[in-house]
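The sequence shown begins at 75 in my numbering and counts up by one.
C-beta: ideal position from N, C-alpha, C; glycine also.
Source: prediction; values computed, not measured.
Single-structure report; data block below.
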Amino acid sequence: MITPNFNYKNLKDSYLFYNISQKIKKYLEKNPDKKLYRLGIGDVSLPLCDEVIKALHEAVDDQSHKETFHGYMSELGAPFLREAVSNYYLHRGIQIPVEEVFVSSGASDELGDILDLFDKSSSALIIEPAYPAYVDANVIAGRKIFTIPSSIENGFLPEPSNNYKADIIYICSPNNPTGAVFSHKQLTQWVNFALKNDSVILFDAAYEAFIEDENVPHSIFEIEGAKKCAIEICSLSKTAGFTGTRLGYTIIPKELVKNGMCFNEMWIRNRTTKTNGVSYIIQKGGAAVFTVQGQKQIKKNIEYYKNNAKIIMKALDECGIWYCGGKNAPYIWLKCPNEMGSWDFFEYLLNEIQVIGTPGEGFGKCGNSFFRFSSFGSTEDTEEAAKRLITLLGRK
Ligand code: PLP
């Protein structure tokens, strides 16, 4: 009889956002007239910018003429998009040759697929609270997972320690869910740790475009030695509103060689086997993000979300609630008031003021007394949610 992958039995019951949607569904069945104010899920609310829409339309037209029609695209990404990404790095003073850029259908897909590059026996180190997919992808692969809890005391930015060692190290900066960002010095410590232990860092830069502090690194490749120990996974989802359009890119330096195996070459082999590339139309839309006009327009959208973050932070200040994030990231991570657990706080906000957030426990045990608000909603809803928070939790 066939042996299924029994590792699926080791996954937690269901996915965080599925649990949340079930609770909301139940609430709305009982209270059909209530409007909800959603500061929970990290999906964007603004449409794609004009420059992207124009490029998408043009690409559709290209597909209607024999002379401009495109069939299968390169599995590694269209040269025009790989070049645009390489130039995007160059503008920030980082040399990433075109051959080190791989186009993907998004960071989630890539975070799962990239594990093909590592032996099943390799272990994974995950700083918690963490984006749940890191844990789940490794559970499915049957890998040994070490989690390092982070806390208010270390600003949710733990340092590496000689007490543990792992082959794959996940670093997400700006962080989902805490909004914390690693400094140059802190990332240097992690790079040195990875080099010393022959580990590979999977650097998730999905929120890079939200960084506003001048000296915060946008890329792990700003750190000396990182090309020998890191892979960077990026997404246009939050940067440019591609959550439903699907596009990302991954940087695998040629210098990343372990045990005589070059990860860049392995990934070429992997992609040419497992994909037939990302659609021409979507890649054209993606390339428009990197034009001068495209950059201006996406920055305007990011400003809109940053303004939402300010509204939420102001409300939390008025309530005297501890929080971090919100400045270089679209997420605000707060301490649940009155010693509440995160699911209790979720229910409390839902029932009392119809405001939805994300319970911290969904990102790991150490998130149990924390809660995440997202700034990706509409400003109108965010303002109303802020008002309601102040009425419910403001200092009396
Ligand atoms: N990485 C992090 C940290 C995320 O928060 C998300 C989405 O919320 C992703 C990756 C997935 O991005 P994508 O939409 O490109 O799959």
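Item to complete: Give a yes or no on whether the C-beta atoms belonging to residue 429 and residue 469 are separated by under 9 Å.
Response: Result no, Cβ atoms of residue 429 and residue 469 do not sit closer than 9 Å.
Worksheet item: Can you give the Cα-Cα distance for residue 431 and residue 92, rounded to whole angstroms?
Response: Spanning the two alpha carbons is a distance of roughly 13 Å.
Item to complete: Within the region 132 to 184, note down every full beta strand (DSSP E) run reaching 3 residues or more, in order along the chain.
Response: List check, beta strand (DSSP E) in window: 175 to 178.
Fill in: Closer than 6 Å: residues whose CB approaches a heavy atom of the ligand PLP
Matched residues: 116, 180, 181, 182, 205, 246, 250, 278, 280, 309, 311, 317, 322.
Worksheet entry | Nonlocal neighbours in the same chain, by C-beta distance under 6 Å from residue 160, ignoring five residues either side | Closer than 6 Å at Cβ, skipping near neighbours: 170, 172, 175.
Worksheet item: residue 427 by DSSP, collapsed to three states: which one?
Response: In this structure, residue 427 counts as helix in the three-state DSSP scheme.
Worksheet entry | Extent of the continuous beta strand (DSSP E) run through residue 274 | Element bounds for residue 274: 274 to 278.
Item to complete: Determine, using beta carbons only, whether residue 303 and residue 352 come nearer to each other than 9 Å.
Response: Not a contact, by the Cβ cut-off of 9 Å.
Discussion item. Determine whether the beta carbon atoms of residue 307 and residue 283 lie at a separation below 9 Å.
Written reply: Contact flag unset, no.
Discussion item. Threshold first: 4 residues or longer. Then list the alpha helix (DSSP H) segments lying entirely within the region 231 to 272, N to C.
Written reply: If we require 4 residues or more, the alpha helix (DSSP H) runs fully inside the region 231 to 272 come out as 258 to 271.
Worksheet item: With 16 as the cutoff for other CB atoms within 10 Å, does residue 416 come out buried or exposed?
Response: Residue 416 should be labelled buried.
Item to complete: Report the rounded CA-to-CA distance for residue 125 versus residue 154, giving the unit in angstroms.
Response: Roughly 16 Å between the two C-alpha positions.
Worksheet item: Where does residue 301 land, buried or exposed, given buried means 16+ other C-beta within 10 angstroms?
Response: Buried, since its Cβ has 16 or more Cβ neighbours within 10 Å.
Item to complete: Identify the continuous beta strand (DSSP E) that holds residue 223 and give its terminal residues.
Response: Counting along the chain, residue 223 sits inside the beta strand (DSSP E) bounded by residues 219 to 223.
Discussion item. Along the chain, where does the beta strand (DSSP E) containing residue 396 start, and where does it finish?
Written reply: Where residue 396 is concerned, there is no enclosing beta strand (DSSP E), given that its DSSP letter is neither H nor E.
Worksheet item: Going by the CB atoms, is the gap between residue 247 and residue 203 shorter than 9 Å?
Response: No. Outside cutoff.
Worksheet item: Between the beta-carbon of residue 410 and the beta-carbon of residue 436, is there less than 9 Å?
Response: Cβ atoms of residue 410 and residue 436: not closer than 9 Å.
Item to complete: Quick one: grab the DSSP three-state call for residue 372.
Response: Of the three classes helix, strand and coil, the one that applies to residue 372 here is helix, per DSSP.
Worksheet item: What does DSSP give as the partner residues of residue 343 in its beta bridges?
Response: According to DSSP, which records beta bridges pairwise, residue 343 is partnered with nothing at all.
Worksheet entry | Exposure label - residue 255; buried when at least 16 CB within 10 Å | Residue 255 should be labelled buried.
Worksheet entry | Secondary structure of residue 128, DSSP reduced to three states | Residue 128: helix per DSSP, three-state reduction.
Discussion item. Can you tell me whether residue 123 is helix, strand or coil according to DSSP?
Written reply: Three-state result, residue 123: coil.
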